[in-house]
Structures are given as structure tokens and as C-alpha cells.
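So in the UniProt record's numbering, spot 59 of the sequence shown is number 59, and the numbers just go up one at a time.
Where is the CB? At the ideal position from N, CA and C, for every residue including glycine.
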Amino acid sequence: MSKRKGLGRGLDALFSDVPSAEDRLQTLPVASIRPGRYQPRQEIDEAALEDLAASIRAQGVIQPVVVREVGVSEYELIAGERRWRASQRAGLAEIPAVVKAVPDEAVLAMGLIENIQRQALNPIEEARGFRRLIEEFGLTHEAVAAAVGRSRSAVSNMLRLLSLPEPVQDLLHDGQLEMGHARALLSLPVIDQLAFARRIVEEGWSVREVERRIKGVSEGAAPTVVRPAPVHTADPDVARLAETLSEALGARVAIRAGKTGRGRLTIDYSSLEELDGLLEKLLEKSMR
1 MSKRKGLGRG LDALFSDVPS AEDRLQTLPV ASIRPGRYQP RQEIDEAALE DLAASIRAQG
61 VIQPVVVREV GVSEYELIAG ERRWRASQRA GLAEIPAVVK AVPDEAVLAM GLIENIQRQA
121 LNPIEEARGF RRLIEEFGLT HEAVAAAVGR SRSAVSNMLR LLSLPEPVQD LLHDGQLEMG
181 HARALLSLPV IDQLAFARRI VEEGWSVREV ERRIKGVSEG AAPTVVRPAP VHTADPDVAR
241 LAETLSEALG ARVAIRAGKT GRGRLTIDYS SLEELDGLLE KLLEKSMR
């Protein structure tokens, strides 16, 4: 994609070719507006949306949405998706809107800014939004930082979250992990991050507790969680079984299968506390 004029010079530069006098406040049919392609928020709280719809039924839409024209009497949302969806739910036929003429990269930046200011994005959504600005529009980390009002280091640290394994990102996205947990996990080898993240969720460890345990690992102590070991067999079925056991127990599992059908199953642990936890899990499963 070719870079548009203004890239890399911050949000003000993105709007430099469009005088603010061209902005138009209009009343538009709700049905003529479609969701934005560059909306960074992927989920909207249903209860909060219903509360907003009730408020709109009583008082109307106080703050206009922001849109851009994409066709004859067709508009795309830039900011205000919750207000637009709540207006639909409230049964409104029309909605006040500010119509802007802005390029794609400015649309994404504006959507990010609105949601960041409203604290409506989780860390993964925010990081993915930053990545889109970089990959789709060629912005530098400095330009993204200027566009969204963050420091360059803050943007870089958010982007590092996307190097975590996808299941760990999902835990952070769903609120099962805090930002502090994720920052601590980044200091571990990638192969250890998922097992450690699952232990955080299972044990309810605080950020401080996680930092303490990871510090112990970095100083040479035995890791609190261990990675699955290679399975000493060429049988893919046995290999899958070992992997399943390792995932279920959160511990290193090795299976040595003999030619006669006999073999050895080994489960590693790094402390008596972890051994107790493994025994509890095994007993729970045996009682089912």
C-alpha cells in the first residue's frame, strides 16, 4: 500500500489536508450508517449498551457520532459506535453526526483515541490497533505514539504483548490476566509462557507473586512451571497423549513406550507444593 501524505507526522498531520471548516453537522438516517472497518474495539458490553439505549430513549443523543461519506448517502462510522448501536436499539430513525473527510489511517487513529480515552479497549485490542497503524499505513512507533497521545516506549511495550502465545493473549483479552501479569510473562522463554499463564489463572496469583516467582526462575531457581519434554517414542498417538497429559496437568510429561506394549510415564515437578497440586488434580480426575 502506498503511503499517504502526512504519514509519520502524528495525528495533526493526518488532518492537515482537510480544513476543520469542512466538517458538517447533520442529522442522518441511522440506516445510512455502517460500522467502521477500522473499529479497534471488537466487543461491546451488552448491559452497558442497553443502559445507553435507555438513556437515549429518555434524552436523545447528546453527543453526535463522527462519520465519513463513502457513497451517495452512505456513511461509515469513525467514532461513536456505541451511540449508533444504542440508537438503533432505542428505535431512533435519525442521529446527529459530524461528517468528516479523512483518510483511512486517520479513521483508525481516531477510533483508537476515542476508545483509549474512554478506557474501552483491553490491552490486546489496543496493541492490535497500534499494529494496524504500523503495518497497514506505514507509521513508525513514534508516529503512532504521537497520534494516540502515548510515549514511544508505551507503544512499544503494548506491541510486545502480541509476541505472547495466542492462548495467553486470549487470557489477557478476556480479563483473566492483568497487564502486569503479561509484562512479567514476557521475561520468560516463550515455551514456558503458556504453562505459567495457566498457573496464574488457576492459583489466582497476584502480579507481585508472579514477579517474585519469575525472579526466582531468572536467578537460577527451579521454575515453578515446566515445559513439556520431548516424548521418547516415534508413535504419534503416544506423543499426542503425552502432550494432552502435559496440558491437563501443567507439568512436564514424558512417555517411554516399549516394543512389548509396556512403558514408563514420568511426570516432573519442581517442589513439594507443586507435587501436592499434581496429586490433587490426579485424584480429582480419578473420582469423576
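By the beta-carbon neighbour count (other beta carbons within 10 angstroms, threshold 16), L177 is buried.
Bridge pairing for L171: absent [DSSP]. Boundaries of the alpha helix (DSSP H) around T244: 236-249. Listed in chain order, the non-local C-beta contacts of Q26 below 7 Å within the same chain comprise A97, V99, local neighbours out to five positions each way being set aside.
In this structure, I56 keeps its C-beta atom at 8 Å or more from the C-beta atom of V66. Closest in alpha carbon position to D268, among A251, K281, G258, E247, is A251. In terms of CA proximity to G216, A184 leads the group E126, S246, A184. Across the structure, L194 and P165 are spaced so that their CA atoms are roughly 7 Å apart. Each of M110, A239, M158, E135 was checked against the Cα of E126, and the nearest Cα belongs to M158. The three-state secondary structure of P123, taken from DSSP, is helix. Nearest to E142 by alpha-carbon distance, out of R132, E135, E136, S153, is S153. Excluding sequence positions up to five before and after R83, its CB lies within less than 8 Å of the CB of L52, I56, V61, Q63, V65, I95, all in the same chain and listed in chain order. Across the structure, E211 and H181 are spaced so that their CA atoms are roughly 8 Å apart. In the three-state reduction of the DSSP assignment, A97 falls in the strand class, which pools E and B. Taking the C-beta atoms as reference points, V70 is found no nearer than 8 Å to A109. Only exposed fits P236, as fewer than 16 other CB atoms lie within 10 angstroms of its CB. Distances from the alpha-carbon of L49 to those of E105, A86, P189, K281 put A86 closest.
Scanning the stretch 43-97 for uninterrupted alpha helix (DSSP H) segments of 4 residues or longer gives 46-59, 81-90, listed from N- to C-terminal end.
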